[in-house]
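For the sequence shown, the positions run 5 to 410 when our numbering is used. Where is the CB? At the ideal position from N, CA and C, for every residue including glycine. Report on the following structure.
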Amino acid sequence: MNYRNKTVVASVAGLTLEGMDIMFISFAMSMIIAEFHIDLATGGLISSITNIGMLIGGVIFGILADKFGRVRVFTYTVLLFAVGTALTGFAANVEQVYASRFIAGIGAGGEYGIGMALVAEAWPKHKQGRASSYVSIGAQFGVILAALLSSLILPIFGWRALFFVGIIPVIFAFMVRKNLNESPEWLQAQKEKTAVVKNNGKLRQLFATPRTAMTTISLAVMATVQIAGYNGLMIWLPSMLQQSQGLSVSSSALWTISTAVGMIIGMLTFGQFMDRFGSKRTFGIFLLASACAVFLYSYAEGSAGLLIGGAVVGFFSNGMFAGYGALISSHYSVEVRSTATNTIFNFGRALGGLSPILVGYLLQSYDMTVAMTYLAGLYCISFIFMVSLKRTGEKKVKQMNAQSAL
Numbered sequence: 005m006n007y008r009n010k011t012v013v014a015s016v017a018g019l020t021l022e023g024m025d026i027m028f029i030s031f032a033m034s035m036i037i038a039e040f041h042i043d044l045a046t047g048g049l050i051s052s053i054t055n056i057g058m059l060i061g062g063v064i065f066g067i068l069a070d071k072f073g074r075v076r077v078f079t080y081t082v083l084l085f086a087v088g089t090a091l092t093g094f095a096a097n098v099e100q101v102y103a104s105r106f107i108a109g110i111g112a113g114g115e116y117g118i119g120m121a122l123v124a125e126a127w128p129k130h131k132q133g134r135a136s137s138y139v140s141i142g143a144q145f146g147v148i149l150a151a152l153l154s155s156l157i158l159p160i161f162g163w164r165a166l167f168f169v170g171i172i173p174v175i176f177a178f179m180v181r182k183n184l185n186e187s188p189e190w191l192q193a194q195k196e197k198t199a200v201v202k203n204n205g206k207l208r209q210l211f212a213t214p215r216t217a218m219t220t221i222s223l224a225v226m227a228t229v230q231i232a233g234y235n236g237l238m239i240w241l242p243s244m245l246q247q248s249q250g251l252s253v254s255s256s257a258l259w260t261i262s263t264a265v266g267m268i269i270g271m272l273t274f275g276q277f278m279d280r281f282g283s284k285r286t287f288g289i290f291l292l293a294s295a296c297a298v299f300l301y302s303y304a305e306g307s308a309g310l311l312i313g314g315a316v317v318g319f320f321s322n323g324m325f326a327g328y329g330a331l332i333s334s335h336y337s338v339e340v341r342s343t344a345t346n347t348i349f350n351f352g353r354a355l356g357g358l359s360p361i362l363v364g365y366l367l368q369s370y371d372m373t374v375a376m377t378y379l380a381g382l383y384c385i386s387f388i389f390m391v392s393l394k395r396t397g398e399k400k401v402k403q404m405n406a407q408s409a410l
């Protein structure tokens, strides 16, 4: 296996385990709420705290990866993520659930951006869209895996046993450390020992000039909407469908698998479109289509309507997830790439992670139509900021960063 493929396999596996863990919370939410006697908003806070941990971990590990290497730091993030996930199964109260999810979030937040940086530095620019889509599909493999494991484990062993599966990433971390070499582009940057390299991972480089600052803000807004939409759909809808449609855990798992399949097809399509037609045009089509699909889904009825509608919503709303790694990486040079990718996307995770609280409130106080209208509006906001993006070439980015380092 060549180096390019190794970076994709490692990143896919990492994101698969992360996606699996996130969806464990979704399927276990009803049981956790019942055991600890908490309301829907308090339950939604579990995911929000995880995303806050992702922001902190993303910033810390992004800086460390730019300074000390992608692969070494990547393995540390996976180990921390595994420990936090396993600790969730030992929680005696909701406060301990919050603490363990925060630890898992710190590890997961670092893993995403580092994996994306590895892929961006290994693949040529005209293939980065599809490479990024391959990696992003890992999260949906995790969703499907979580759905299958939940249907098998929850009815028999309960929600705690589900999180003990989180020890598996420990084995994966050792395999990555043994078989994956450091990024050649990062190694070359270290050899050059320029003024910029000495400032690797500096957060201020994300705001070095007004244009760079506007790019950072726009990308952060887009990432926030992406996560808010995904969490709003995937965290609460399985539980709500169990209540409103009378679906069992197994039936809601089928809905989740259908939606995840739609997401996978959407990601593969998005990656191909992005390489062929460019990021702006592709994001524009998918953002507007997401707004329409999410709004119309609130009127879906019957099992067939829910399954097909879920797949269509997944195709557009999370198909875009495939492009963010390549999109963010293309706007920043190697010296700050992990820092930028982790900080921007995990900022979106932290802020967008508050969405389950709001969606839980809207579902509890109003109905699904109101919640879906809120999500559709978010995609329209993201479209506006996407239009404002202006690509800055690699050479120009390095020049601006060099000036800011002086």
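Which listed residue (the options) has its alpha carbon closest to that of residue i
i, options, result
"I160", "S359, A32, G170 and V391", "A32"
"A4", "G114, M120, I118 and F85", "Residue coverage of the chain in this structure runs from 5 to 410, which leaves residue 4 outside it and unanswerable."
"W421", "I60, M271 and K10", "What is shown of the chain runs 5 to 410, which leaves residue 421 out entirely."
"I348", "N6, S30 and L59", "L59"
"H130", "A330, R215 and M271", "A330"
"P188", "Y138, V123, I148 and V169", "V123"
"S333", "L237, Q132, I269 and Y383", "Q132"
"G356", "V225, L311 and V265", "V225"
"W259", "G313, Q230, S294 and A293", "G313"
"A465", "V363, R76, F287 and D70", "Nothing about residue 465 can be read from this structure; the chain reaches only from 5 to 410."
"C296", "L382, L156 and S307", "L382"
"L83", "L310, A380 and M179", "M179"
"S155", "M27, L311 and L310", "M27"
Start-to-end residues for the alpha helix (DSSP H) that takes in residue i
i, result
"W163", "W163 to F168"
"F417", "Not covered by the structure: residue 417. The range shown for the chain is 5 to 410."
"A212", "Segment: none, A212 is in no alpha helix (DSSP H) and carries neither H nor E."
"G282", "Premise fails: G282 is in no alpha helix (DSSP H) and is neither H nor E."
"Y303", "It is not in any alpha helix (DSSP H) - Y303 carries neither H nor E in the DSSP assignment."
"A380", "M372 to S392"
"P360", "S359 to S369"
"D70", "L44 to F72"
"L355", "R341 to G356"
"F106", "V98 to A126"
"A95", "Segment: none, A95 is in no alpha helix (DSSP H) and carries neither H nor E."
"G327", "F325 to S333"
Buried or exposed by the 16-neighbour rule on C-beta atoms within 10 Å, applied to residue i
i, result
"L134", "Here the sequence assigns Arg to residue 134, which means Leu is not the residue at that position. Buried."
"A199", "Only weak support is given to the placement of A199: the predicted model assigns it a pLDDT of 48, under 50, and the value that follows is read from those uncertain coordinates. That one is exposed."
"A96", "exposed"
"D43", "exposed"
"E99", "exposed"
"G173", "First, the residue type needs correcting, since residue 173 is Pro and not Gly in the sequence shown. When all chains shown are included, P173 counts as buried."
"N6", "exposed"
"E125", "buried"
"V16", "buried"
"K206", "buried"
"I175", "exposed"
"G282", "exposed"
"V12", "buried"
"T228", "buried"
"S342", "buried"
"N346", "buried"
"G306", "exposed"
"A14", "buried"
"N350", "buried"
"N185", "exposed"
"D371", "exposed"
"R353", "buried"
"R280", "exposed"
Own chain, CB closer than 7 Å to residue i, minus 5 neighbours either side, in chain order
i, result
"W163", "A32, M35 and I36"
"I361", "A45, G48, L49 and S52"
"A326", "S136, S137, S140, M271, F274 and G275"
"S359", "A232, N235 and G236"
"M24", "G146, L149 and A150"
"V169", "L153"
Same chain, Cβ closer than 8 Å to residue i, five either side skipped, listed in chain order
i, result
"S222", "F389, M390, S392 and L393"
"F40", "N97, V98 and V101"
"T219", "H335, L393, K394 and T396"
"L366", "V374, A375 and Y378"
"G288", "F387, M390 and V391"
"L291", "M324, Y383, C384, S386, F387 and M390"
Contact with chain B by residue i, beta-carbon distance below 8 Å
i, result
"E115", "Within the model displayed, chain B is absent; a lone protein chain is all it includes."
Residue i Cβ short of 7 Å to the ligand SAH heavy atom set
i, result
"G113", "Inclusion of the ligand SAH in the displayed structure is not the case, the ligand content being empty and no account of it being possible."
Own chain partners of residue i with C-beta closer than 6 Å, once the 5 adjacent residues on each side are dropped
i, result
"K399", "The predicted model places K399 with a pLDDT of 48, which falls under 50 and marks its position as unreliable, so this point remains unresolved."
"A293", "F320"
"G57", "F106, G109 and I110"
"M267", "Q144, G318 and N322"
Worksheet item: Are the region 384-392 and the region 91-100 in contact at 8 Å, needing three or more beta carbon pairs?
Response: no
Item to complete: Determine, using beta-carbon pairs with one atom in the region 178-197 and one in the region 101-117, whether at least three such pairs fall under 8 Å.
Response: no
Discussion item. Within 8 Å, do at least three Cβ pairs link the region 291-307 to the region 328-339?
Written reply: no
Worksheet item: For the region 149-157 against the region 53-72, are there 3 or more C-beta pairs whose distance is under 8 Å?
Response: no
Worksheet item: Are at least three pairs of beta-carbons, each pair with one atom in the region 314-321 and one in the region 18-27, less than 8 Å apart?
Response: no
Worksheet item: Counting Cβ pairs closer than 8 Å, one from the region 321-329 and one from the region 137-145, do we hit at least three?
Response: yes
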